[in-house]
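**Q** The numbering of the sequence shown is full-length UniProt numbering, which starts it at 1 and goes up by one. Glycine included, every Cβ here is placed at the ideal spot set by N, Cα and C.
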Amino acid sequence: MVPAHSPRVALLCPGLGRVLRGHETFARGLFDLLRDSLDVTLFKGGGDSSAREVVVPHIPRDAAGLDGARLPVSPKWHAAALGDERIRVEGESFAWGVLGALLEGGFDVLHVLDRDVCRVLHANRHLFARTPTLLFANGGAIPARDLPPCDFVQEHTSHNLAQSLKGRSFLIPHGVDTQRFRPDAPTDFRARHGIPADATLLLSVGTICYWHKRMDHVIREVAAVADPGLHLAIVGQESEDAPAIRALGRELLGNRVHFDALPHEELPAAYAAADAFVLGSVFETFGIVYIEAMAAGLPVICTHHPNQKAIVQEGVFIDMEASGALAAAVGPQRRHGWASLGARAREIACTQYDLGTLKSQYLTKYADIAGRSAPLPRWNAARRLRQNLEGTWRKVASRL
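1. Which residue comes first and which comes last in the alpha helix (DSSP H) that contains Thr303?
2. Should Glu104 go down as buried or exposed, given a rule of 16 or more other Cβ atoms within 10 Å for buried?
3. Just confirm the distance between the C-beta atoms of residue 401 and Gly139, as a whole number of angstroms; I'd bet it's less than 8 Å.
4. Closest by CA to Arg125, which one among Pro377, Ala223, Asn388 and Val54?
5. DSSP on Glu53, reduced to helix/strand/coil?
6. Straight-line CA distance for Ile296 to Gly65?
7. Going by DSSP, which residues form a beta bridge with Lys44?
8. Can you list, in chain order, the residues of its chain whose CB lies under 7 Å from that of Pro332, leaving out five sequence neighbours each side?
9. For a quick check, are the C-beta atoms of Gly287 and Gly83 less than 8 Å apart?
10. Rounded to the nearest angstrom, what separates Gly342 and Leu248 at their Cα positions?
11. From what residue to what residue does the alpha helix (DSSP H) around Ile318 run?
12. Let's test the definition: count the other Cβ atoms within 10 Å of the Cβ of Ala274 and tell me whether it reaches 16, buried, or not, exposed.
13. Let me confirm a value: Ser340 is counted as buried when at least 16 other C-beta atoms fall within 10 Å, else exposed. Which label applies?
14. What residues in its chain sit with their C-beta under 6 Å from that of Arg214, if we drop five residues either side in the sequence?
15. In this structure, does DSSP put Asp84 in helix, strand or coil?
16. Using a Cβ-Cβ cutoff of less than 8 Å, which residues in the same chain neighbour Thr133 once the five nearest sequence positions on both sides are dropped?
17. Give me the residue from Asp216, Leu358, Pro196 and Gln237 with the minimum Cα distance to His231.
18. Please check the pair Phe94 and Val56, which I expect to be a contact at CB under 8 Å, by giving their CB distance rounded to whole angstroms.
19. Quick one: which unbroken alpha helix (DSSP H) runs of 4-plus residues sit fully inside the UniProt domain "Glycosyl transferase family 1" (188–326)? Chain order, please.
20. Give the secondary structure of Arg18 by DSSP, where H, G and I count as helix, E and B as strand, and everything else as coil.
21. Grab me the residues of Leu165's own chain with a C-beta within less than 7 Å of its C-beta, minus the 5 sequence neighbours each way, in chain order.
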């Protein structure tokens, strides 16, 4: 039951309902976690609407209308620039689409997961009869100098917190439902994919792509291990790289590689079937899949980047860019400690990342920051002088 004195919170995520990433998983999980204990409304980019879940009209990043955009950049960089432009259009159009509901909603805290949305809302704070506190969730590990204007910043790792805005940032990590993600979760994953019960199964969860998740690298490294009983399961959404990566897997691993695309609610079955978890990324801003694997009692084999070391704490950390490093880490001679490492991973997940533990932190923090928005700019002599100078310059410029 929502307490009568609970602050009103708006949670804003333009990708939710259309995109499958960590940001969207975080937004959905946070809303489901808090909805019975907090007056919270979820504003999202797709899916179904309800009393407390609102689909916001906007221009999504994959809108066909943006295909013909022409940018003043070198043809060499046009595709990359267009990708950034699509993200900007999505965020800004979402912000304008949601603004009316926010103005009428009487919210105390706006918890924003998108940089462009945050920037537009901050620029229009003066439209609110009562200025809400603007909280930015820095899921992208944006450095302090590039953060959007806001009142407070939520960081998800201690590594990022150390580099964030001093005095206005706090740490609440991503969380995992340790009752759903557990070692003994029901699973038919091996049976469905024809994986022998005595096979050693590595699991990698993420977009099937070359960039970032580097699934091709994982396939090549597993193929380099001299163990016919070693299998690899890759679970994730498709990308334009997926057909080529599937072909590479079949070429190098034959029937020992298994691809699947599961909705998030079915992922516990994949983790419960595996013996270890691996992700080929060189860096992740957080990586919810790490803590899902930990909750499932799997040893995590990942990059040695400081951010991942801070999150996983006790795992197998390697140089993911070094050829042969992953192959060595998953070889038969290195597996003797997996059981104890997985048990320790489960302990860390339950004590530090369990959603029940994090729930109280969110409720406390929302109550603490509600009503603590920065004051709006006020009219004064300096502002009057600046406006007069700007007006004079516009007149001069118009006559040139």
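**A** By the coordinates alone:
1. Where Thr303 is concerned, there is no enclosing alpha helix (DSSP H), although the beta strand (DSSP E) it sits in stretches over Val300 to Thr303.
2. exposed
3. Look at the range of the chain in this structure, 1 to 400, and you will see that residue 401 is not part of it.
4. Pro377
5. Glu53 falls in the strand class under three-state DSSP.
6. Sequence check: residue 296 is Ala here, not Ile. Each residue's Cα considered, the two are about 43 Å apart.
7. Cys13 and Val55
8. Asp227
9. no
10. 30 Å
11. Segment Val316 to Ile318 is the beta strand (DSSP E) holding Ile318; no alpha helix (DSSP H) there.
12. Buried, since its Cβ has 16 or more Cβ neighbours within 10 Å.
13. exposed
14. Only residues of its own chain outside the window of five on either side were considered, and among them Gly280 have a CB closer than 6 Å to the CB of Arg214, listed in chain order.
15. helix
16. Answer for Thr133: Asp108, Val109, Leu110, Asp151, Phe152, Ile369, Ala370, Gly371, Arg372 and Ser373, listed in chain order.
17. Pro196
18. 6 Å
19. 189–193, 215–223, 242–253, 267–273, 288–295 and 306–312
20. coil
21. Ala144, Leu147 and Val153
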